[in-house]
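Asks:
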Amino acid sequence: MIKQIFGKLPRKPSKSSHNDSNPNGEGGVNSYYVPNSGTSNISKPSSKSNGANGTVAPSSTSSNRTNQVNGVYEALPSFRDVPSLEKPNLFIKKLSMCCVVFDFSDPSKNLREKEIKRQTLLELVDYIATVSTKLSDAAMQEIAKVAVVNLFRTFPSVNHESKILETLDVDDEEPALEPAWPHLQVVYELLLRFVASPMTDAKLAKRYIDHSFVLKLLDLFDSEDQREREYLKTILHRIYGKFMVHRPFIRKAINNIFYRFIFETEKHNGIAELLEILGSIINGFALPLKEEHKLFLVRALIPLHRPKCAAAYHQQLSYCIVQFVEKDFKLADTVIRGLLKYWPVTNSSKEVMFLGELEEVLEATQAAEFQRCMVPLFRQIARCLNSSHFQVAERALFLWNNDHIRNLITQNHKVIMPIVFPAMERNTRGHWNQAVQSLTLNVRKVLAETDQVLFDECLAKFQEDEANETEVVAKREATWKLLEDLAASKSVSNEAVLVPRFSSSVTLTTGKTSGS
323 MIKQIFGKLP RKPSKSSHND SNPNGEGGVN SYYVPNSGTS NISKPSSKSN GANGTVAPSS
383 TSSNRTNQVN GVYEALPSFR DVPSLEKPNL FIKKLSMCCV VFDFSDPSKN LREKEIKRQT
443 LLELVDYIAT VSTKLSDAAM QEIAKVAVVN LFRTFPSVNH ESKILETLDV DDEEPALEPA
503 WPHLQVVYEL LLRFVASPMT DAKLAKRYID HSFVLKLLDL FDSEDQRERE YLKTILHRIY
563 GKFMVHRPFI RKAINNIFYR FIFETEKHNG IAELLEILGS IINGFALPLK EEHKLFLVRA
623 LIPLHRPKCA AAYHQQLSYC IVQFVEKDFK LADTVIRGLL KYWPVTNSSK EVMFLGELEE
683 VLEATQAAEF QRCMVPLFRQ IARCLNSSHF QVAERALFLW NNDHIRNLIT QNHKVIMPIV
743 FPAMERNTRG HWNQAVQSLT LNVRKVLAET DQVLFDECLA KFQEDEANET EVVAKREATW
803 KLLEDLAASK SVSNEAVLVP RFSSSVTLTT GKTSGS
């Protein structure tokens with residue numbers, strides 16, 4: 323009984339309890355953790371146990387994920403209640419206290435402790451926002467530790483999910499929301515304030531915001547919770563801006579994520595957010611562009627058009643591509659040929675997106691680069707004009723509404739008009755959609771006004787080709803009729819039908835003679 327009474331009294335802090343950041347980066351347990359093994363609800367997960375969000379914690383950091391506290395989780399004094407000289411030490415103690423991780427998969431568990439930790443985190447956020455002195459090395463180490471312990475975790479692997487997704491319609495699935503988000507949001511806010519604070523010395527902080535930290539931060543972009551990805555996007559952008567020494571590494575790490583997504587998994591939740599960061603980075607590239615940046619365009623950005631789920635991030639991807647062309651107009655030919663390489667064949671909605679991006683690229687294209695790729699480009703546009711999907715045909719015809727593109731076409735009409743004229747003529751005669759027919763007639767009129775002589779030549783050539791095609795069809799039908807007659811004549815006697823090699827040529831010759 324006496325032991326239980328003494329056990330509930332706070333112990334005098336020992337010297338080790340004041341050492342809040344030991345050489346191994348482990349925060350000590352301060353005097354506000356009262357030993358009482360019978361009341362502890364906080365357990366330390368093994369490498370196989372779940373983290374704060376119910377996902378599997380990485381085995382390499384399982385010892386840092388949680389602290390096993392054999393006592394009561396009590397709140398520390400407020401910053402308002404201590405002298406200014408003691409605030410830095412209290413700040414470190416509160417950070418150490420926030421390295422305890424609770425299980426948020428069970429909403430009814432540790433409610434009091436979770437609220438204490440949340441209020442403590444809010445106090446820390448306010449402190450960083452208002453602090454007027456440089457943060458100490460120990461404080462920065464503890465802030466990084468709080469982020470590592472609370473935020474870094476692994477998600478279910480793509481290979482594991484793919485077995486389940488084969489039997490499910492992925493489009494109908496709702497994204498999984500993080501159950502610990504009210505808690506994680508404050509941790510993210512703390513990290514963001516830390517990175518953005520003018521009181522954070524980048525030369526000292528880079529010891530803790532290092533390559534390993536950045537890689538683990540990038541792994542979190544695969545979170546299904548969009549709220550988390552938005553915070554990650556802002557934080558990574560701030561890190562890129564503040565820690566110049568990490569810039570090449572961050573770009574390379576993002577490249578590797580793209581490569582794995584394009585060529586292996588085609589499953590990642592954060593591609594749009596990563597591209598949004600890159601859009602800002604590309605905008606700041608100095609001229610002339612480095613070879614490294616051009617390779618990034620060719621090897622990573624252009625192949626991102628390939629995955630089936632490109633619609634999820636196409637807007638951000640298109641912005642990045644156009645940024646490159648606006649930086650260096652000589653890249654227009656490379657970009658357009660890359661689009662043609664990955665042009666969709668059976669996905670009409672994706673084709674409409676490609677046409678929209680193509681228009682933006684062509685707006686930034688100069689005449690010399692346009693001439694290098696205009697033949698394969700307008701062969702593809704001609705196929706789009708004849709698409710049975712009216713939105714594809716409409717989007718292709720809308721290219722003539724753009725003044726810059728129309729000027730490029732007019733300057734090179736002698737090459738382009740013979741390519742697109744047959745497709746337009748077929749549209750005017752037989753496309754099922756009235757709007758497409760009307761738009762085609764308008765573009766056809768523009769072509770006629772550009773060069774009436776060439777227009778007439780193209781019309782005559784189209785009519786000639788049409789007549790030849792009709793003749794070829796008639797000859798083919800005559801050949802098949804001959805084969806049917808030969809088969810019918812031998813069917814009564816059940817004899818094998820031998821068709822002479824020259825039968826088709828004889829038929830063709832006969833047809834020509836009778837025609838003349």
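The opening position of the sequence shown corresponds to residue 323 in the working numbering, with each subsequent residue numbered one higher. Heads up, the beta-carbon is just placed ideally off N, CA and C, and yes, glycines get one too. The structure displayed is predicted, hence computed values, not measured ones.
Among Glu679, Lys436, Ser418 and Leu417, whose alpha-carbon lies nearest the alpha-carbon of aspartate 425?
Replies: Here residue 425 corresponds to residue number 103 of the sequence shown, with the count starting at 1. Among Glu679, Lys436, Ser418 and Leu417, the Cα nearest to that of aspartate 425 belongs to Lys436.
Asks: Taking the runs of the alpha helix (DSSP H) that are 4 residues or longer, which of them lie wholly in the region 719-773?
Replies: Entirely contained in the region 719-773, the alpha helix (DSSP H) runs reaching 4 residues are, in chain order, 725-733, 735-752 and 756-772.
Asks: Please classify tyrosine 664: does DSSP put it in a helix, a strand, or coil?
Replies: Here the question's residue 664 lines up with position 342 in the sequence shown. Tyrosine 664: coil per DSSP, three-state reduction.
Asks: Grab me the residues of alanine 770's own chain with a C-beta within less than 7 Å of its C-beta, minus the 5 sequence neighbours each way, in chain order.
Replies: Working through the sequence shown from its first residue, we reach residue 770 at position 448. The answer, listed in chain order, is Phe777.
Asks: Going by other Cβ atoms of all chains shown within 10 Å of its Cβ, with 16 needed for buried, is threonine 522 buried or exposed?
Replies: Within the sequence shown, residue 522 is the residue found at index 200, counting from 1. The residue in question, threonine 522, is buried, as its Cβ has 16 or more Cβ neighbours within 10 Å.
Asks: If we count the other Cβ atoms within 10 Å of its Cβ and call it buried at 16 or more, is lysine 467 buried or exposed?
Replies: For this step, residue 467 is matched to residue 145 along the sequence shown. Result: buried.
Asks: Who are the Cβ neighbours of leucine 597 in its own chain at under 7 Å, not counting the five residues just before and after it?
Replies: What you label residue 597 is simply residue 275 of the sequence shown in a count that begins at 1. The answer, listed in chain order, is Tyr635, Gln638, Leu639 and Cys642.
Asks: Could you compute how far the alpha carbon of leucine 805 sits from the alpha carbon of cysteine 780?
Replies: The residue you call residue 805 lines up with position 483 of the sequence shown. The residue you call residue 780 lines up with position 458 of the sequence shown. One C-alpha to the other measures close to 37 Å.
Asks: With respect to the alpha helix (DSSP H) encompassing valine 697, which residues constitute its N-terminal and C-terminal limits?
Replies: Here the question's residue 697 lines up with position 375 in the sequence shown. Element bounds for valine 697: 689-707.
Asks: Is the region 749-767 touching the region 783-796, taking contact as three or more C-beta pairs under 8 Å?
Replies: Counting Cβ pairs under 8 Å, fewer than three are found: no touch.
Asks: Can you say whether lysine 767 is buried or exposed, counting buried as having 16 or more other CB atoms within 10 angstroms of its CB?
Replies: Here residue 767 is taken as the residue at index 445 of the sequence shown, counted from 1. Result: exposed.
Asks: By DSSP, does tyrosine 395 sit in helix, in strand, or in coil?
Replies: In the sequence shown, residue 395 corresponds to position 73, counting from 1. In the structure shown, tyrosine 395 sits in a strand (DSSP, three-state: E or B).
Asks: So, using beta-carbon positions, are isoleucine 579 and leucine 600 closer together than 8 Å?
Replies: As a first step, residue 579 must be located in the sequence shown, where it is residue number 257. As a first step, residue 600 must be located in the sequence shown, where it is residue number 278. No. Outside cutoff.
Asks: Checking 8 Å against the spacing of the C-beta atoms, do isoleucine 658 and valine 683 come in under that value?
Replies: Within the sequence shown, the letter at position 336 stands for residue 658. Within the sequence shown, the letter at position 361 stands for residue 683. The answer is yes: Cβ separation under 8 Å.
Asks: Just to confirm, are leucine 512 and valine 447 a CB contact at a threshold of 8 Å?
Replies: The residue given as residue 512 occupies position 190 in the sequence shown. The residue given as residue 447 occupies position 125 in the sequence shown. Contact: yes.
Asks: Output yes or no for whether 8 Å exceeds the beta carbon distance between alanine 633 and lysine 574.
Replies: In the sequence shown, counting from the first residue as 1, residue 633 sits at position 311. In the sequence shown, counting from the first residue as 1, residue 574 sits at position 252. No; because the gap between Cβ atoms is not below 8 Å, this pair is not in contact.
Asks: Taking just the CA atoms, how far does glutamate 799 sit from alanine 809?
Replies: Along the sequence shown, read from residue 1 onward, the residue named residue 809 stands at position 487. Along the sequence shown, read from residue 1 onward, the residue named residue 799 stands at position 477. Cα-Cα distance, rounded: 15 Å.
Asks: What did DSSP end up calling histidine 533 once you bin it into helix, strand or coil?
Replies: Walking along the sequence shown from the start, residue 533 turns up at place 211. Correct three-state label for histidine 533: helix.
Asks: Can you look up glutamate 500 in the DSSP assignment and give me helix, strand or coil?
Replies: For the purposes of this step, residue 500 is taken as the residue at position 178 of the sequence shown. Here glutamate 500 sits in coil by DSSP.
Asks: Please name the residue in Ser545, Glu546 and Leu540 whose C-alpha comes closest to that of leucine 558.
Replies: The residue labelled residue 558 in the question sits at position 236 within the sequence shown. When each option's Cα is compared against that of leucine 558, the closest is Leu540.
Asks: Leaving out the 5 sequence neighbours to the left and right, which residues in its chain are closer than 6 Å to serine 365 when beta-carbon positions are compared?
Replies: The sequence position of residue 365 within the sequence shown is 43, counting from 1. Residue confidence for serine 365 is low, a pLDDT of 34 falling below 50, so the modelled location carries little weight; the figure read from the coordinates is stated next. Excluding sequence neighbours, serine 365 sits near nothing in its chain.
Asks: Out of curiosity, what's the CA-to-CA distance linking glutamate 586 and leucine 623?
Replies: Within the sequence shown, residue 586 is the residue found at index 264, counting from 1. Within the sequence shown, residue 623 is the residue found at index 301, counting from 1. Rounded to whole angstroms, glutamate 586 to leucine 623 spans 16 Å at the Cα level.
Asks: My output table needs one value for serine 430: the three-state DSSP class, helix, strand or coil.
Replies: Here residue 430 corresponds to residue number 108 of the sequence shown, with the count starting at 1. Coil.
Asks: Go ahead and label lysine 812 buried or exposed: buried means 16 or more other beta carbons lie within 10 angstroms of its beta carbon, across all protein chains shown.
Replies: Here residue 812 refers to the residue found at position 490 of the sequence shown. Lysine 812 comes out exposed.
Asks: The alpha helix (DSSP H) spanning methionine 675 covers which residue range?
Replies: Stepping through the sequence shown from its first residue, residue 675 is reached at position 353. Its alpha helix (DSSP H) spans residues 670-685.
Asks: Check this for me: beta carbons of phenylalanine 646 and isoleucine 604, under 8 Å apart or not?
Replies: In the sequence shown, the residue the question calls residue 646 occupies position 324. In the sequence shown, the residue the question calls residue 604 occupies position 282. Against a cut-off of 8 Å, the Cβ pair of isoleucine 604 and phenylalanine 646 comes out as a contact.
Asks: Express the C-alpha separation of phenylalanine 401 and lysine 409 in angstroms, rounding to a whole number.
Replies: As a working note, residue 409 is residue 87 in the sequence shown. As a working note, residue 401 is residue 79 in the sequence shown. Answer to the nearest angstrom: the Cα atoms are 6 Å apart.
Asks: Which residue from Val536, Tyr449, Glu588 and Leu433 puts its Cα closest to that of histidine 505?
Replies: As a position in the sequence shown, residue 505 is number 183, starting the count at 1. With distances taken between Cα atoms, histidine 505 lies closest to Leu433.
Asks: Spatial neighbours of threonine 839 within its chain, please: C-beta separation below 7 Å, excluding the five flanking residues on both sides.
Replies: Summary: the structure shown does not reach residue 839, with the chain confined to residues 323 through 838, and so no result is reported for it.
Asks: Less than 8 Å between the beta carbons of glutamate 685 and asparagine 723, yes or no?
Replies: As a first step, residue 685 is located in the sequence shown; it is residue number 363 there, counting from the start. As a first step, residue 723 is located in the sequence shown; it is residue number 401 there, counting from the start. No, these two residues do not count as a Cβ contact at 8 Å.
Asks: So glycine 601 is in the alpha helix (DSSP H); what residue range does that whole segment cover?
Replies: As a working note, residue 601 is residue 279 in the sequence shown. From DSSP, the alpha helix (DSSP H) with glycine 601 extends over 593-605.
Asks: By Cβ distance, which residues of its chain are closer than 7 Å to phenylalanine 607, with the 5 residues on each side in sequence left out?
Replies: One-based indexing of the sequence shown puts residue 607 at position 285. Excluding sequence neighbours, phenylalanine 607 sits near His615 and Lys649.
Asks: Which class does lysine 439 belong to by DSSP, given the choice of helix, strand or coil?
Replies: For this step, residue 439 is matched to residue 117 along the sequence shown. Of the three classes helix, strand and coil, the one that applies to lysine 439 here is helix, per DSSP.
Asks: Would you tell me roughly how many angstroms separate the C-alpha atoms of leucine 662 and arginine 705, rounded to the nearest one?
Replies: Mapped onto the sequence shown, residue 662 falls at position 340. Mapped onto the sequence shown, residue 705 falls at position 383. When rounded, the distance between both Cα atoms is 12 Å.
Asks: Of all the options Leu761, Lys439 and Asn669, which has the alpha carbon lying nearest to the alpha carbon of leucine 717?
Replies: As a working note, residue 717 is residue 395 in the sequence shown. The amino acid at residue 717 is misidentified as leucine; the sequence shows arginine. Out of Leu761, Lys439 and Asn669, Leu761 has the C-alpha closest to the C-alpha of arginine 717.
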